[in-house]
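Q: Residue numbers (the UniProt record's numbering): 1 to 638.
Take a look at this one; I'll ask things after.
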């Protein structure tokens, strides 16, 4: 968005006030409890999100093996199912964001996502599991499943997944697709239904928490009554975003080590059971701090406001633009007085056709005939960020390739010492370590050092970070292909062409650099995206701003499935071995990696064009104020 076209002498300052999430007065639709919030609420909010990630990501790393061994799926089908699950998990937060920003508010949305089903017992789940399956009473008694505990949607999902491991008849007969010479029996419709329902229930729970948790935490620092600390508040929020993301990544680190260890050494029953317990603690800790939270009560339907703008703009498409800036309808006390010139056709939604269209109190007689400037600018902000949002899809496609690095690691020597061996599913931990280390170095070393060297406030812009992340992602795919080419050549030289279970005489630590590059790429691009959306979109759209990244990941997983399926079908024509064959030694995973690298390189060019077309961000308009404030801080320190 660009600055307002009126009050030209105060244009820059006016723009900064309009768009900053901490400079403008609270909108009339929000009621803030100012005596609450602050740092004391952070452990509870971050713990709720972190524990949810431990439980969810704890079942993800080994899921490819689980589906291939327990459900007799090929690698393409298993990866596609995980793509769909991840897509649902990342798409539903957008629905949760709309519900939070339009109806329930963030606190209630997180609450319903955490404990909605705690109100009654999970009788429906028991019916599915014990009514549809021919289990006898002695088996129930031995298994201890006569009664189901009280759980929320996410608990239901993890419990249903856990029960697929506990109940033999919930899965096909044992058959390892990787080593079996005969065709394995496929799962029945009922067995697939149970498996997929566990995925969907976990996705529904995540849809209530993930879009609201980050924004809800940011609300706890929303002290708008203290305008003298606005620039300090922006830096506090940047630090909060970094540490929040670092805490989430540490939780993923725990999931990829501790939970994976339990699955590898104690079996699926324990490995899937522990996340169930963790989910209960996630909800408990969040509600423990209920009296401390700042809660915002939303009474506006954000989605309805968007529809109104489009409908009214189309209805008024033949109207002429007013010659003076006084012809637009705006709320009293709002900083949005006249619309910007970007996407100008939407401005017709807020043109006053007749004085009778507005009541004496300044409210439109019919909101479906006349919108406010604020409504128009909200929709404009969303439309304007969409091209840059689309540039993040490719990096999410690269990061979602979980099955192939897993099969690579499984076929390589994973020993650190003679007795210590890293589980194949734990190599993703190096991505998390690289991401976390970079965040700490960036926040605690690079930013302070850069500020001292320059003598004023220093930071890397959000768009610059997004572009750097795409570049690192391209390098990661390029390196992944090189390593896989070397690994495959060694496996063929060792006579392992037809033995995908054989161990190649090559250390799996060669996979670490590509994981580290992926971690650095995500640190730059993911956090850059989140900050970009949160700063560019109006305050009333905070939950949607934090859900935008997840939506991109959802779209990326669907596209990743399309790419994978097409690569599989095209490359196995005329009886040839597929590039993405379940037999990793017969396939050509390196070609698949290099294809992704080429697509990422093209995406980087597309990003540069979109970044140029977008123009300066909000942070650019407030840069002078930040630099002045930074100079004052440095003088005080010296």
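Every residue, glycine too, gets a C-beta built ideally from N, C-alpha and C.
Computed from a predicted model, the values in this text were never measured in an experiment.
Could you compute how far the alpha carbon of residue 388 sits from the alpha carbon of residue 306?
A: 20 Å
Q: For residue 265, name the three-state secondary structure that DSSP assigns.
A: In the structure shown, residue 265 adopts helical secondary structure according to DSSP, grouped into three states.
Q: Quick check: residue 328 and residue 336, are their CB atoms within less than 7 Å of each other?
A: For residue 328 and residue 336, no; Cβs fall outside 7 Å.
Q: Please report how far the alpha carbon of residue 339 lies from the alpha carbon of residue 615, in whole angstroms.
A: Going from the Cα of residue 339 to the Cα of residue 615 covers about 17 Å.
Q: Return the chain-ordered list of same chain residues with a C-beta closer than 7 Å to the C-beta of residue 316, the five sequence neighbours on each side being excluded.
A: 348, 349 and 351
Q: I'd like to know whether the C-beta atoms of residue 354 and residue 52 end up nearer to each other than 7 Å.
A: Not in contact: residue 354 and residue 52 (Cβ atoms no closer than 7 Å).
Q: Do residue 44 and residue 241 count as a contact pair if the criterion is CB distance below 7 Å?
A: Contact: no.
Q: Report the option in 459, 296 and 423 whose CA atom is closest to the CA atom of residue 443.
A: Nearest option by C-alpha distance: 459.
Q: Can you tell me whether residue 384 is buried or exposed? The criterion is at least 16 other CB atoms within 10 Å of its CB, across all chains shown.
A: buried
Q: Classify residue 377: buried if its beta carbon has 16 or more other beta carbons within 10 angstroms, exposed otherwise.
A: buried
Q: Determine the DSSP secondary structure at residue 376, reduced to helix, strand or coil.
A: helix
Q: List the whole-angstrom C-beta distance separating residue 433 from residue 519, where the pair is believed to meet the contact cut-off of C-beta under 8 Å.
A: Confirmed, about 7 Å.
Q: Can you tell me the Cβ-Cβ gap for residue 83 and residue 560, rounded? I've got them flagged as a contact below 8 Å.
A: 5 Å
Q: Do you know how far the Cα of residue 469 is from the Cα of residue 2?
A: Any reading at residue 2 must be qualified, since the residue scores a pLDDT of 37, below 50, and its modelled position is unreliable; no value is offered.
Q: What is the DSSP secondary structure of residue 358, reduced to helix, strand or coil?
A: Shown here, residue 358 sits in a strand according to DSSP, grouped into three states.
Q: Let's test the definition: count the other Cβ atoms within 10 Å of the Cβ of residue 505 and tell me whether it reaches 16, buried, or not, exposed.
A: exposed
Q: Of all the alpha helix (DSSP H) runs that stay within the bounds of the region 251 to 318, which reach a length of 4 or more residues?
A: 260 to 288 and 302 to 315
Q: Mark residue 418 as exposed unless 16 or more other C-beta atoms lie within 10 angstroms of its C-beta, in which case mark it buried.
A: Classification for residue 418: exposed.
Q: Nearest to residue 611 by alpha carbon, out of 464, 362 and 334?
A: 464
Q: Compare the C-alpha of residue 47 against each of 538, 284 and 551 and name the closest.
A: 284
Q: Where does residue 265 land, buried or exposed, given buried means 16+ other C-beta within 10 angstroms?
A: exposed
Q: What residue range is occupied by the uninterrupted beta strand (DSSP E) comprising residue 505?
A: 504 to 507
Q: In angstroms, rounded to a whole number, what distance separates the CA positions of residue 597 and residue 311?
A: 42 Å
Q: Starting from residue 68, trace the alpha helix (DSSP H) in both directions and tell me its first and last residue.
A: 63 to 70
Q: Is it buried or exposed, residue 62, if we count other Cβ atoms within 10 angstroms and call 16 or more buried?
A: Residue 62 comes out buried.
Q: Cα separation between residue 485 and residue 478?
A: Between the alpha carbons of residue 485 and residue 478 lies a gap of roughly 11 Å.
Q: Keeping to the same chain, check which residues put their C-beta closer than 7 Å to that of residue 303; ignore five residues upstream and five downstream.
A: 98 and 102
Q: Over what stretch of residues does the alpha helix (DSSP H) that includes residue 702 continue unbroken?
A: In the structure as shown, the chain starts at 1 and stops at 638, and residue 702 therefore has no counterpart that could be examined.
Q: How is residue 640 classed by DSSP in three states: helix, strand or coil?
A: As shown, the chain starts at 1 and ends at 638. That puts residue 640 outside it, with no answer to give.
Q: With a CB to CB cut of under 6 Å and the five nearest residues on each side skipped, what residues in its chain are close to residue 278?
A: 51, 54 and 55
Q: Once you ignore the five residues that flank residue 721 on each side, which residues in its own chain have a CB closer than 6 Å to its CB?
A: Absent from the model: residue 721. The displayed extent of the chain is 1 to 638, so no value can be given.
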